[in-house]
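Numbering (full-length UniProt numbering), first residue to last: 1 to 583. Here a beta-carbon is modelled for each residue, glycine too, at the ideal position from N, C-alpha and C. Let me begin by presenting the structure, written as structure tokens, before commenting on it.
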Amino acid sequence: MRTAEEIEIIVPLSDRSEQRFPKLRESQFDVVKRFSDSEPVEFSPGDLMFDVGDHSVPAWFIVDGAITLVGRDGLNQETVLRDLCPGQFTGELQEIVEGRRSLSSGRAGPDGCRAIPLNSNRLRALIVGSAELGELIMRALILRRIGLLERGVGPVLLGRTGSADMLRLQAFLTRSAYPHMVLDCASDRGRQLIDDLSIPACDMPIMVCPCGHLLKRPTNEEAGAWLGITPQLDKDAVYDVAIIGAGPAGLATAVYAASEGLSVLVLDGAVVGGQAGASARIENYFGFPTGISGLALTARALNQAQKFGAEIAIPLFATGLDCVNGGEGGDAVDLTLSDQGSVKARTVVVASGARYRRPDIINLKAFEGDSVHYGASLAEAKLCAGIEIALVGAGNSAGQATVFLAAFVKHLTLVVRGSTLAASMSRYLVDQINALDNVSVQYCSEIVELQGDRHGGLQTARVRDRGTSTVWTLPIRHAFMFIGAEPNTAWLRECLKLDGNGYILTGPESGVSPSTDFRHHLQTSMARVFAIGDVRAGSTKRVASAVGEGAAVVAQIHTVLERDAQISATIGRSRSAATLVAG
């Protein structure tokens, strides 16, 4: 039997209708009934059961009758997605997360319908509790999301193609796997929408939601809040573990911790996937002989974490850590957030990774966003079609981006400070780059200045030979920076022990005396705080290593939580004894 991943590779989506909309057998439907707390609900012909934008819509399992699913975009265009019959069910990935807005509407068929509702908690319980139905339903939900992405339902982004704000919003929605449509303001449809809405240029880009709401130049936080991507956190909740960072390390922790029954919160101030999520193709990740993009890998991990009940809050920054109660004395750690105040967790895992260093290049900041990029997604690649570009870097991320972008551009110049790629890049990437006719590598070189103007964009780069100091001009329209790494730890400097480069020290290196306090190798100088992945000093900077640390840290978290339980039990026994003595 082929796995879901193998089927996804070899079978076009259009040929997987039975997998997208499976029909349950009677015995399977009996299993569904055991997970429901409701009797079948009856709807009259044509009744609106749920609408686009409704919160917390359950998955409806049809007993009798039919349901028509309809999608809608920001232009108020509706598309019939499917007519469902008895034995089938509604829902896609939104339905496994509490509080999310529905991306489609559903009406009872011409003869009405009778259906059993499963809310997000019960739907997840069914997926996890039944091996047979879990695979069938989860595959269907994922394939339906892919279908919505292809159809462009959801909000419309209208603005200038390639502008910094448009690229930012596109990246946010794409990395969140949220269906949307992009309209260039210079296109016929774009100009028509501008006229219809009377939008001045200063308000663009805009996001038009299917419900008709319009956001002008929204931040990622505003877009996430309105679309329901960012949840409203429970201020009274105390999570077993709060994870800072939604890259491979953080998502791996979320999957393993949530699957073991821990309450999990994942926070990230940017997008899902971290640096790895921007990798065009990872060829050497275990178990994927044909390779996999960073976006696909981290999207699967996100779905998996949410399946087990992990709460994902993106974009939401952690801005502070309670340095006092995070130690041995307190029973929880306070995390201050960029929005929504603060949250409490019994343990914290810092998996905030690293960001690419901004090189010291004249005029770099003036072109950032429009012509200078720190990631290479399909949106950036389309901007580079048929033109000349430069890419700075010599690591695996730089190599993956080079191979990906080469398929779009006229010519790519890879600018490398060192004399070889072999010292910092995997051999398979070096071989692929050497085989590309439209890629040239400039060794022992660095870009020192970018030239152009606001209207024409980037035109040329001044490149210096580090050996001879000769400076020459390279005609380019876009530049990509994949150089160095700086850990995202500025907000932790007052609380945790860091090394000279800002990476978090863990285990015996954390500065805590082993004679007074044992430290697990992923535990920081604060007993309830752990560090994993690229942000940890001494870690191997690879996706597989980050995932491994994400799995390993869960066992260490359990020891802290078990110690808490033992202390609570001891206190409880002492109080009981004191009560008896007093009595």
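| Asked | Found |
| --- | --- |
| Segment contact flag, the region 415–422 with the region 392–407, C-beta cutoff 8 Å, min 3 pairs | yes |
| Own chain, CB closer than 8 Å to arginine 217, minus 5 neighbours either side, in chain order | Asp165, Asp203, Met204, Pro205, Ile206 |
| Cut-off 6 Å between Cβ atoms - residues of its own chain near valine 403, not counting five sequence neighbours on either side | Gln432 |
| Serine 17 in three-state terms, based on DSSP | helix |
| Candidates Phe288, His521, Lys497, of which the one nearest glycine 511 by Cα | Lys497 |
| 6 Å CB neighbourhood of leucine 421 in its chain, flanking five on each side removed | Ala394, Val430 |
| Alanine 59 CB to nearest heavy atom of the ligand GTP below 6 Å | This structure does not include the ligand GTP; it has no bound ligands of any sort. |
| Under the three-state DSSP convention, the category tyrosine 428 falls into | helix |
| Chain C within 7 Å of leucine 167, Cβ atoms only | Of the chains in the structure shown, none is chain C; there is only one protein chain. |
| Cysteine 185 to alanine 398 span [Cα, whole Å] | 32 Å |
| Residue burial classification, glycine 386 (beta-carbon count within 10 angstroms, cutoff 16) | exposed |
| Coarse secondary structure for alanine 485, derived from DSSP in three states | coil |
| Proximal residues to leucine 262 (C-beta, below 7 Å), its chain only, five neighbours per side dropped | Asp240, Val241 |
| Same chain, Cβ closer than 7 Å to glycine 269, neighbours up to 5 away in sequence not counted | Pro315, Leu316, Phe317, Ser338 |
| Distance, alanine 115 Cα to lysine 140 Cα | In the sequence as presented, lysine is not what sits at residue 140; that position holds alanine. C-alpha separation (whole angstroms): 18 Å. |
| Exposure label - proline 487; buried when at least 16 CB within 10 Å | buried |
| Glutamine 566 - DSSP class collapsed to helix/strand/coil | helix |
| With 16 other Cβ atoms within 10 Å as the buried cut-off, status of glycine 456 | exposed |
| At least 3 beta-carbon pairs within less than 8 Å: the region 80–91 vs the region 23–41 | yes |
| Local conformation of alanine 423 per DSSP, three classes | coil |
| Assumed close pair alanine 177, alanine 299 - CB separation to whole angstroms, cut-off 8 Å | 5 Å |
| First through last residue of the beta strand (DSSP E) which encompasses residue 631 | Here the chain covers residues 1 to 583 and nothing more, so residue 631 does not appear. |
| Buried versus exposed, by CB contacts within 10 Å (16 or more), threonine 470 | exposed |
| Beta-carbon spacing of serine 38, proline 117 below 7 Å | yes |
| Backbone CA spacing between threonine 3 and alanine 551 [nearest angstrom] | Confidence in threonine 3 is poor, its pLDDT being 36 and thus under 50, which makes the residue's placement too unreliable to answer from. |
| Straight-line gap, aspartate 564 to valine 333 (C-alpha atoms, nearest Å) | 13 Å |
| Alpha-carbon to alpha-carbon, threonine 489 and glycine 500 | 12 Å |
| Phenylalanine 480 and alanine 376 closer than 7 Å at C-beta | yes |
| For isoleucine 137, three-class secondary structure by DSSP | helix |
| DSSP-derived helix/strand/coil call for serine 342 | strand |
| Valine 80, buried or exposed, once every other Cβ within 10 Å from all chains shown has been counted against 16 | exposed |
| Spatial neighbours of threonine 161 in its chain, beta-carbon cut-off 7 Å, leaving aside the 5 residues before and after | Asp184 |
| Beta-carbon proximity list for leucine 260, same chain, < 7 Å, skipping 5 on both sides | Contrary to the premise, residue 260 reads as glutamate rather than leucine in this sequence. Only Val554 meet the Cβ criterion. |
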